[in-house]
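A short worksheet on the structure shown next.
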Amino acid sequence: MSATGVLMVAAEGGVIGEGRTGANLALGVGLIGVALGWLALARVAGRISTGNARTTATAAMAVGLVGSALAALHLATSNGGPGTGNGIVGAIVAIPLGLIAMTLGQRALARSRRTGRSADRCENEREFGSAS
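Counting from 0, one number per residue, gives the positions in the sequence shown under numbering that gives the first Met the number 0.
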């Protein structure tokens, strides 16, 4: 293909293509969900002291669910197979990313609940004195 042919294809949007847009969107949303889940786990562990771990964990779970749903929708509506340029492989990779984001968010939420209870108990003991 000549240089002018490549430039024409790039100008028409054929480099990325309409078929890959949905998969790229699902991949991006999945990666954002994984980043939010990791951030929530870091906040629960005390490595990062700013922000609310529960809010971030809930956001990671929601974003992971949306990413997986977008990828599943893209897989259901695209035609062809891997290598056709329709973004099938990207959508296949985006589903586990969304599931990982939901798992990280769930773990962070569970740990924040456990940590929150023990911190309340310690504060009560300090305030009222030890019972033993």
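Where is the CB? At the ideal position from N, CA and C, for every residue including glycine.
Residue i burial status per 10 Å Cβ neighbour count (16 or more: buried)
{"i": "Ala72", "result": "Correcting the residue identity first, residue 72 is Leu in this sequence and not Ala. That one is exposed."}
{"i": "Glu122", "result": "At Glu122, the pLDDT of 48 sits below 50, so the modelled position is not reliable; the number obtained from the coordinates is stated separately. Glu122 is exposed by the Cβ-count criterion."}
{"i": "Thr83", "result": "exposed"}
{"i": "Asn78", "result": "exposed"}
{"i": "Gly36", "result": "buried"}
{"i": "Arg112", "result": "exposed"}
{"i": "Asn51", "result": "exposed"}
For residue i, the three-state DSSP class (helix, strand or coil)
{"i": "Asn23", "result": "helix"}
{"i": "Thr57", "result": "helix"}
{"i": "Pro95", "result": "helix"}
{"i": "Gly104", "result": "helix"}
{"i": "Gly29", "result": "helix"}
{"i": "Gly18", "result": "helix"}
{"i": "Gly45", "result": "coil"}
{"i": "Gly132", "result": "Coverage of the chain is limited to positions 0 through 131, which leaves residue 132 absent and any answer about it impossible."}
Cβ distance (whole Å) where residue i is taken to contact residue j below 8 Å
{"i": "Ala100", "j": "Val43", "result": "The Cβ separation is near 16 Å, so there is no contact."}
{"i": "Gly97", "j": "Gly32", "result": "6 Å"}
{"i": "Leu24", "j": "Leu64", "result": "Going by Cβ atoms, the distance from Leu24 to Leu64 rounds to 15 Å, so no, they are not a contact pair."}
**Study point:** Secondary structure, beta strand (DSSP E): runs of 3+ residues fully inside the region 61 to 85
**Key:** none
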